[in-house]
Amino acid sequence: MEGYKSNIFISPIFVILLLLGIGTGCTSSDNSTPTNTSSEPVEINIGHGISTEEPLYLVEHLPEVASNLGESYTLNMSSFQANADRINAYQAGEIDGGTLGQGAALMISEQGVDLTVLASVVQDSVEEGYNHKFLTMADSELEYTAEALEGAVIGIPDYMSPTDLWGRAAVRDLGLDPDSDVEWVNIAAPAMTASLEAGIIDIGMFAQPFFEMTQNNNEEYEEVFNSKTGVPINEDFLVLFMDPEFISENEEAVEDFLADYVAVTEYYLDNQEEMRQLLLDVGAVEADPEDYIEMEDSDRSKTGEINLESWKEVQNLILEEEWIEDRVNLESIVDMSYLPDR
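In the working numbering, the protein residues as written are 314 to 655.
Here you go:
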């Protein structure tokens, strides 16, 4: 896919550096947006990930569905691989918002970064849609037991992310210490298959369409565990956030953008194969059509609504991992009032 960038480890120290304005790659910039008093469309700068965000990619390619695009707002979309890259760009004033892992949103909020979570982008649910797979080579004889996994090297695409949380929770459920009994390696999602086949890792985390690609090559893989093994809840594992000041100064544009996003999401869910072909045709996604078009998709909210109960459970998990020290007031960062009425 387009826009691959190297992952950056998002540690508490990194977040503090971002707050000081000296995080890696940051440039000095005024993050404020003048109040919009003109009739010109408001430009919304969105930072997104490299997979699983199809409805967001589609907004600028479906003008017949996204009827407000070009009227009250325009979109400037930028691709980032890791949560930390987007946080970096957001802190530098280069984007007005974007997609972010649920845990990352809680972590940076706890560190004092102002953001408002507006909508769910992708869900990882217990009984609906694709659950992210942690695979091994079929001839490795690895299985989901403490004895087998002790000492294993596990590849994940981003530290302190949903993928990291899923892996750590599954390891912890076996009675192992995820900090000392296994090794974690940060590997970009497109490189996971090659890393597994080369023996660099024993287990790899596979998002779509990369999992689907493993089903159509000559190697054989087996699932060791999945995203729901240790975290058996329905998660908003990727969400859409924006700068609160940008929202307050451009409320109509934000509401219209979210109305379009929800309309496109519903259209995508009703026409998945056609919409995936469109994304291939316009170059928004680069994948083998045989793998991509018919793949199992993740669960999604047709309305964009956020599952606040699951946020409470995820917050408990990241408190246990000591990724945050204090609870975040969820009502202070989640605002669904800009979503269209249903």
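For each residue, glycine too, the CB sits at the ideal point set by N, CA and C.
On a predicted model such as this, the values are computed, not experimentally measured, just so you know.
>> Measuring only the C-alpha atoms, how far is residue 579 from residue 523?
In response: Counting from one through the sequence shown, the residue named residue 579 turns up at place 266. Counting from one through the sequence shown, the residue named residue 523 turns up at place 210. In a straight line, the C-alpha of residue 579 is about 24 angstroms away from that of residue 523.
>> Within 10 Å of its beta-carbon, does residue 446 have 16 or more other beta-carbons around it, so buried, or fewer, so exposed?
In response: The count along the sequence shown starts at 1 and reaches residue 446 at position 133. Classification of residue 446: buried, given that the 10 Å Cβ count is 16 or more.
> Thinking just about the alpha-carbon of each residue, which of 642, 510 and 406 is nearest to the one in residue 629?
Replying inline: The residue given as residue 629 occupies position 316 in the sequence shown. If we check each option's Cα against that of residue 629, 642 comes out closest.
>> I'd like to confirm the pairing. Which residues does DSSP put opposite residue 624 in its beta bridges?
In response: Counted from its first residue, the sequence shown places residue 624 at position 311. For residue 624, which the question treats as bridged, DSSP gives no partner whatsoever.
> When the Cα atoms are used, what is the spatial distance from residue 374 to residue 548?
Replying inline: The residue given as residue 374 occupies position 61 in the sequence shown. The residue given as residue 548 occupies position 235 in the sequence shown. Approximately 28 angstroms, taken between the alpha carbons.
> Since residue 479 is in the alpha helix (DSSP H), which residue starts that stretch and which ends it?
Replying inline: Here residue 479 corresponds to residue number 166 of the sequence shown, with the count starting at 1. Run containing residue 479: 475-486, per the alpha helix (DSSP H) assignment.
> By Cβ distance below 6 angstroms, which residues in the same chain neighbour residue 319 in space, the five residues on each side in sequence not counted?
Replying inline: Numbered from its first residue, the sequence shown carries residue 319 at position 6. For residue 319, the predicted structure reports a pLDDT of 33, less than 50, and the residue's modelled location is therefore unreliable. The matter cannot be settled from this model.
> Hey, would you say residue 459 sits closer than 9 angstroms to residue 489, going by beta carbons?
Replying inline: Here residue 459 corresponds to residue number 146 of the sequence shown, with the count starting at 1. Here residue 489 corresponds to residue number 176 of the sequence shown, with the count starting at 1. Yes, these two residues count as a Cβ contact at 9 angstroms.
>> Below 8 angstroms on the Cβ atoms is my contact criterion, and I expect residue 464 with residue 495 to pass it. Report the Cβ-Cβ distance as a whole number of Å.
In response: Walking along the sequence shown from the start, residue 464 turns up at place 151. Walking along the sequence shown from the start, residue 495 turns up at place 182. Correct: roughly 7 angstroms between the Cβ atoms.
> If you pair each beta-carbon of the stretch 523-543 with each one of the stretch 421-431, do three or more pairs fall below 8 angstroms?
Replying inline: no
> So, helix, strand or coil for residue 590, using DSSP?
Replying inline: As a position in the sequence shown, residue 590 is number 277, starting the count at 1. In this structure, residue 590 counts as helix in the three-state DSSP scheme.
> If we count the other Cβ atoms within 10 Å of its Cβ and call it buried at 16 or more, is residue 364 buried or exposed?
Replying inline: In the sequence shown, counting from the first residue as 1, residue 364 sits at position 51. The residue in question, residue 364, is buried, as its Cβ has 16 or more Cβ neighbours within 10 Å.
>> Can you look up residue 407 in the DSSP assignment and give me helix, strand or coil?
In response: The sequence position of residue 407 within the sequence shown is 94, counting from 1. Residue 407: coil per DSSP, three-state reduction.
> How about residue 362 and residue 412: are their beta carbons less than 9 angstroms apart?
Replying inline: Within the sequence shown, the letter at position 49 stands for residue 362. Within the sequence shown, the letter at position 99 stands for residue 412. Yes, the pair counts as a contact, with Cβ atoms nearer than the cut-off.
> How long is the line joining the alpha carbons of residue 345 and residue 514, rounded to whole angstroms?
Replying inline: Residue mapping note: residue 345 aligns to position 32 of the sequence shown, counting from 1. Residue mapping note: residue 514 aligns to position 201 of the sequence shown, counting from 1. Low confidence applies here, because residue 345 scores a pLDDT of 39, under 50, leaving its location unreliable; read the following figure in that light. Straight-line Cα distance between these residues: approximately 44 angstroms.
> Which value, in whole angstroms, describes the spacing of the CA atoms of residue 470 and residue 414?
Replying inline: To locate residue 470, count along the sequence shown from 1; it is residue 157. To locate residue 414, count along the sequence shown from 1; it is residue 101. Distance between the alpha carbons of residue 470 and residue 414 is about 12 angstroms.
> Along the chain, where does the beta strand (DSSP E) that runs through residue 520 open and close?
Replying inline: Taking the sequence shown and counting its residues from 1, one reaches residue 520 at position 207. Where residue 520 is concerned, there is no enclosing beta strand (DSSP E), given that its DSSP letter is neither H nor E.
> Straight-line CA distance for residue 360 to residue 466?
Replying inline: Numbered from 1 along the sequence shown, position 47 holds the residue referred to as residue 360. Numbered from 1 along the sequence shown, position 153 holds the residue referred to as residue 466. Their Cα atoms are separated by approximately 31 angstroms.
> What are the residues that DSSP puts in a beta bridge with residue 412?
Replying inline: For this step, residue 412 is matched to residue 99 along the sequence shown. Residue 412 is bridged to 553.
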